[in-house]
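Q: Below you'll find the structure I mean.
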Amino acid sequence: MDNFTVPDGVIDEFVRNKSQDTRLILLTGEKLLPRLARYANGQTIIVEAIKSFPPKGFIQKLFYFFYAFLIFTGSTKVLATFGARADIPPAGGNRHMWFFKSLIANTFGRSLFVKRNLTPWLFKIIFQERPYKQLFDKHQPDLIMVPAIAFFPDVELVSEAKRRGVKTVGMAMNWDHLNKYYIPIHTDWLLVQNEPMRREALNWHAYYPEQITIVGFPQFDMYAHPDKYLVLKDQFKKDFGLEGVDKIILFISGAAYSLDEPDIIKEISNWISGGRFGKSVKLLIRPYAVARDIEREREKYKQFGNDPNIVFNWQKRSDSLESKKNFMSMLAYADVVISIFSTTAIESAIFDKPTITIGFDGYKKRPHYQSITRLEDMSHFRNVLETNSVKVVRGFTDLEETLIRYIQNPTIDADRRKVLVAKMCYKVDGGASKRITDFILSKVNE
């Protein structure tokens, strides 16, 4: 639900605009409970923690395997053959299963009947526990909205709603959630962030056109209000030791998805020392500061702790309003952004920042299952590459020359970045949260 809890986001909009006789029940896991507790008033707004019940036992896991691979996209192929993370065996040690996964998609997955009718029918038979039955009995909802339809518990909540004839609205939490695995139960209406996702819902998930509405990214609403959410530039530089710095190269870490980032960073630092980018240039690194990777990241970057050309931002992006402001400010004040094949390319384009994607493996020649180039085939990022708005560099010389060009002339590819934003964001007008809220309220009141 993180995409709904941004400042002035969907929940804030809903609280402000719902009628007095509308009850809002916010269901969340224990982790997000403190963040949502402030909304509860005990009467018209109730916050309740629930547990997730993913597939268990042989039959449920076998069925999960079956329906997940009713689609086999570029992203699915990468995950099934190589895996996204480079620090574990290819496909989690099950690479040999890719043929069967592809076979399911190219046989059963070609049938609209299987996707629209058979799969949800079998889901109700195989997942009989109905863990949220008492929850529905207690609250008697007229409509449920699930913001992460690709995952449990959202799938089970939709299943329970379908059993009862309760109206359902769904949304994928991020832009890469509709192009990996099939989602077994359709919501009555699906909200998507952009046109490519609308096509994925139509072509891969067999939704009807009238069920789909494009709304944009609610987590990008902040970006439309820089006067409200940007940290003042002087203060931002002071906070991160960038005072007196003329040019900032921002490096967004890819964590275990990319094994050779220290090689890249070392060379950039050498180029800065050699004056290749002019005077007073710093490399600002934003590590992948999430719980499961934080120790690995600290070990990876330990060697740069005393490098005078490098500063770090170790804040987690979703921890607080302060960290969100700092992430937004990093993008706004950077002169060039470097990342792997990630969402950063879109966010940087919103701020019209030249963006470089690392398309090589540092000093080493890695096997494809560990090479950063494997991520190039992910379906969602192909949509970015098609705009030619980011520069994929294939070696150190290419990287150095591209950095020099972008630092000297940041307007290069500006027109292509506008195309990328229009294609992948729908609108960055600060109105996505309101569009989502208005849609939900309109369906409640039908």
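Numbering (the numbering used here), first residue to last: -7 to 438.
Backbone N, C-alpha and C define an ideal beta-carbon position, used for all residues, glycine too.
1) In three-state DSSP terms, what is Trp90?
2) From what residue to what residue does the beta strand (DSSP E) around Trp181 run?
3) Does DSSP put Ile241 in a helix, in a strand, or in coil?
4) Between which two residues does the beta strand (DSSP E) holding Ala41 run?
5) Is Lys294 helix, strand or coil when you go by DSSP?
6) Starting from the C-beta of Leu25, find all residues in its chain whose C-beta is less than 6 Å away, skip the five residues before and the five after it, and write them out in chain order.
7) According to DSSP, which residues form a beta bridge with Met137?
8) Excluding sequence positions up to five away, which residues of its chain have a Cβ less than 8 Å from the Cβ of Glu339?
9) I need the boundaries of the beta strand (DSSP E) containing Arg108, first residue and last residue.
10) Name the two residues that bound the continuous alpha helix (DSSP H) containing Lys410.
11) Could you tell me the alpha carbon to alpha carbon distance between Lys107 and Lys415, rounded to whole angstroms?
12) Mapping DSSP to helix, strand and coil, what is Leu62?
13) To the nearest angstrom, how far is the alpha carbon of Thr73 from that of Ile37?
14) Rounding to the nearest angstrom, what Cα-Cα distance links Arg191 and Lys43 in this structure?
15) Under the criterion of a Cβ to heavy atom distance below 7 Å, does Gln227 qualify as lining the ligand GDP?
16) Roughly how many whole angstroms lie between the Cα atoms of Ser245 and Thr347?
17) Could you check whether Ala337 and Val485 sit closer than 8 Å to each other, using their CB atoms as the reference points?
18) Give me the Cβ distance between Gln67 and Ser371, rounded to the nearest whole Å; I'm assuming they're in contact under 8 Å.
19) Start and end of the beta strand (DSSP E) containing Val(-2)?
20) Just checking, does the segment 259 to 279 make contact with the segment 215 to 224 on the three C-beta pairs under 8 Å criterion?
21) Run the CB neighbour count on Gly101, radius 10 Å, all protein chains shown included, and call it buried at 16 or more, exposed below.
22) May I ask which residues mark the beginning and end of the beta strand (DSSP E) holding Phe228?
23) Which value, in whole angstroms, describes the spacing of the CA atoms of Phe333 and Thr365?
24) Which parts of the segment 289 to 355 are runs of the alpha helix (DSSP H), unbroken and 4 residues or longer, counting only runs that do not cross its ends?
25) If you draw a straight line from the C-alpha of Ile117 to the C-alpha of Phe55, how long is it?
26) Quick check on this structure: which residue in Leu183, Phe209, Pro47 and Asp353 has the alpha carbon closest to the alpha carbon of Pro201?
A: Taking the structure as given:
1) helix
2) Trp181 to Val184
3) strand
4) Ile37 to Ala41
5) helix
6) Ala41
7) Val161
8) Phe212, Tyr215 and Leu323
9) Taken as a continuous stretch (DSSP letters only), Arg108 belongs to no beta strand (DSSP E), as it is neither H nor E.
10) Ala406 to Cys417
11) 28 Å
12) coil
13) 46 Å
14) 32 Å
15) Absence of the ligand GDP from the depicted structure is noted, as is the absence of any ligand whatsoever, leaving it without description.
16) 14 Å
17) No statement about residue 485 is possible, as the shown extent of the chain runs from -7 to 438 and does not include it.
18) First, the residue type needs correcting, since residue 67 is Ser and not Gln in the sequence shown. Confirmed, Cβ separation roughly 4 Å.
19) Per DSSP, Val(-2) belongs to no beta strand (DSSP E) and is neither H nor E.
20) no
21) buried
22) It is not in any beta strand (DSSP E) - Phe228 instead sits in the alpha helix (DSSP H) that spans Lys225 to Asp231.
23) 9 Å
24) 313 to 325 and 336 to 342
25) 11 Å
26) Leu183
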